[in-house]
C-alpha cells in the first residue's frame with residue numbers, strides 16, 4: 207500500500223512549472239485543498255492500527271469537508287447555469303431584434319425601390335402629358351385659325367348675298383335659254399309623308415333646261431349649268447326669297463290631309479304586323495275585320511282508357527290574324 211500511495215501521489219501531483227503558468231490562483235488553491243483531502247482520506251483508509259470509532263470519526267470529518275466542497279461547487283454550478291440561461295435569453299432577444307431590424311431594412315429598401323419606380327413612371331407620364339398638351343394646344347391653334355378663316359369666308363359670303371339682294375340685278379333672257387340635256391332627262395321627287403301618297407314626277411318635256419354660259423358660242427351640245435332659281439323650280443326645293451338674317455318669315459310646315467294620315471297609319475300597322483308577328487289581333491285589325499261568332503267550348507269529360515289513364519286532349523292549331 208505505501209508503494210501504491212507513493213505512485214498515486216507521484217502521478218497526481220501537478221508540476222509546479224506547468225500549473226503556475228496556466229491556472230489561476232483560485233484554481234490552484236482549490237486543487238491544493240482537494241489533494242490534501244484526498245491524501246488524508248487515503249491515510250485514514252491505510253491506517254489499520256486505529257480503532258473503528260476513531261476511524262469513523264475521521265471519515266465523517268472528511269465527508270463533511272467533501273460535502274462542503276460539493277455544496278459550494280453545486281451553488282457555483284447553479285449560478286453559472288442561471289447566468290448561462292440569462293445569456294442565452296439575451297442572445298435570443300438580440301437575435302430577434304437583429305431579424306426585425308433586417309426586415310425593416312429590407313422593407314425600407316423595397317419601398318424605396320417602389321418609390322423610385324413610381325417616380326420614373328410619373329416622370330414619363332408627366333412628359334407624355336406635357337407633349338400631349340403641347341400637341342393639343344397646337345391643334346387648337348390650327349382649329350382656331352381654320353375657324354377664323356371660315357368665319358371670314360362666311361362674312362364675305364353674307365356681304366355678297368346682301369349686296370345681291372339690295373342690288374336686285376334682273377335676269378337676262380339669254381341666261382334662261384333652255385337646252386335639252388340627256389343627263390337631266392327625268393327628275394323624280396320622293397313623296398313626303400305629310401303630303402298625298404301618290405308619287406310626283408317631273409316630265410322632261412316640262413323642264414328642259416337650256417343655259418348658255420357667259421362667253422360661250424351658243425352651241426346646243428355644250429354642257430348647260432342651270433341657275434339656282436331654275437334648280438329650285440325643277441327639284442321643288444323650298445327656299446325663302448329673302449334670307450332669314452334680313453328679316454324673312456320663318457318656314458311653316460304644311461298641314462297634312464286626312465287621307466295621308468290614314469295611309470301613313472295603315473302602312474305603320476302593316477309594317478309592325480309583318481316585322482313582329484303575334485297571335486293576338488291588333489285593335490285596328492279588330493275594327494277592320496268582320497266580327498265572327500266564337501264557338502263556345504264544350505266541356506266534356508275525358509274518355510277513360512285502358513289502365514285508368516285519361517286520354518290526352520288535343521289542342522286546336524292557332525290561326526294567324528288576317529291582315530287586310
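Residue numbers (this note's numbering): 207 to 530. Idealized CB from N, CA, C, for every residue including glycine.
Go through its chain and collect everything with a Cβ distance to residue i's Cβ below 8 Å, but skip five positions before and after it.
{"i": "residue 233", "result": "none"}
{"i": "residue 272", "result": "243"}
{"i": "residue 215", "result": "Caution is warranted here: a pLDDT of 46 is assigned to residue 215, below 50, making its placement in the model unreliable, and the coordinate value is therefore given only provisionally. Once the five neighbours on either side are set aside, the close Cβ partners of residue 215 are 245."}
{"i": "residue 175", "result": "What is shown of the chain runs 207 to 530, which leaves residue 175 out entirely."}
{"i": "residue 352", "result": "none"}
{"i": "residue 274", "result": "none"}
Within its chain, find whatever has a CB closer than 6 Å to the CB of residue i; leave out the 5 residues flanking it on each side and keep chain order.
{"i": "residue 284", "result": "none"}
{"i": "residue 463", "result": "none"}
{"i": "residue 423", "result": "The predicted model places residue 423 with a pLDDT of 45, which falls under 50 and marks its position as unreliable; any figure quoted below should be read in that light. Closer than 6 Å at the Cβ level, and outside the excluded window around residue 423, lies no residue."}
{"i": "residue 342", "result": "none"}
{"i": "residue 419", "result": "Residue placement at residue 419 is poorly supported in this model, since its pLDDT is 43, which falls under 50; the coordinates still yield a value, given next. Hits under 6 Å: none found."}
{"i": "residue 404", "result": "Caution is warranted here: a pLDDT of 44 is assigned to residue 404, below 50, making its placement in the model unreliable, and no coordinate value can be reported."}
{"i": "residue 293", "result": "none"}
{"i": "residue 370", "result": "none"}
{"i": "residue 335", "result": "none"}
{"i": "residue 476", "result": "none"}
Which residues bound the alpha helix (DSSP H) around residue i?
{"i": "residue 243", "result": "231 to 252"}
What does a CB cutoff of less than 7 Å around residue i pick up in its chain, not counting 5 residues either side in sequence?
{"i": "residue 319", "result": "none"}
{"i": "residue 474", "result": "none"}
{"i": "residue 437", "result": "none"}
{"i": "residue 329", "result": "none"}
{"i": "residue 299", "result": "none"}
{"i": "residue 411", "result": "Residue placement at residue 411 is poorly supported in this model, since its pLDDT is 43, which falls under 50; the coordinates still yield a value, given next. No residues qualify anywhere along the chain."}
{"i": "residue 396", "result": "Interpretation of residue 396 is limited by its pLDDT of 42, a score under 50 that renders its predicted location unreliable; the figure taken from the coordinates is listed afterwards. There are no such residues."}
{"i": "residue 374", "result": "none"}
Does the ligand PLP have a heavy atom nearer than 7 Å to the CB of residue i?
{"i": "residue 321", "result": "No copy of the ligand PLP occurs in the structure displayed, which carries no ligand at all."}
Examine chain C for any beta-carbon lying closer than 8 Å to the beta-carbon of residue i, and answer yes or no.
{"i": "residue 349", "result": "This model lacks chain C altogether, as it is built from one protein chain only."}
*Along the chain, which unbroken stretches of the alpha helix (DSSP H) at least 4 residues long are found entirely within the segment 326 to 361?*
DSSP runs (the alpha helix (DSSP H)) wholly in the segment 326 to 361: none.
_With three or more C-beta pairs closer than 8 Å as the rule, is the segment 235 to 250 touching the segment 262 to 281?_
Using a C-beta cut-off of 8 Å, the segment 262 to 281 makes contact with the segment 235 to 250, since at least three inter-stretch Cβ pairs fall below that distance.
_Check whether the segment 272 to 283 and the segment 305 to 314 are in contact - that is, three or more C-beta pairs closer than 8 Å._
With a cut-off of 8 Å, the segment 305 to 314 and the segment 272 to 283 do not count as touching, because too few Cβ pairs lie within range.
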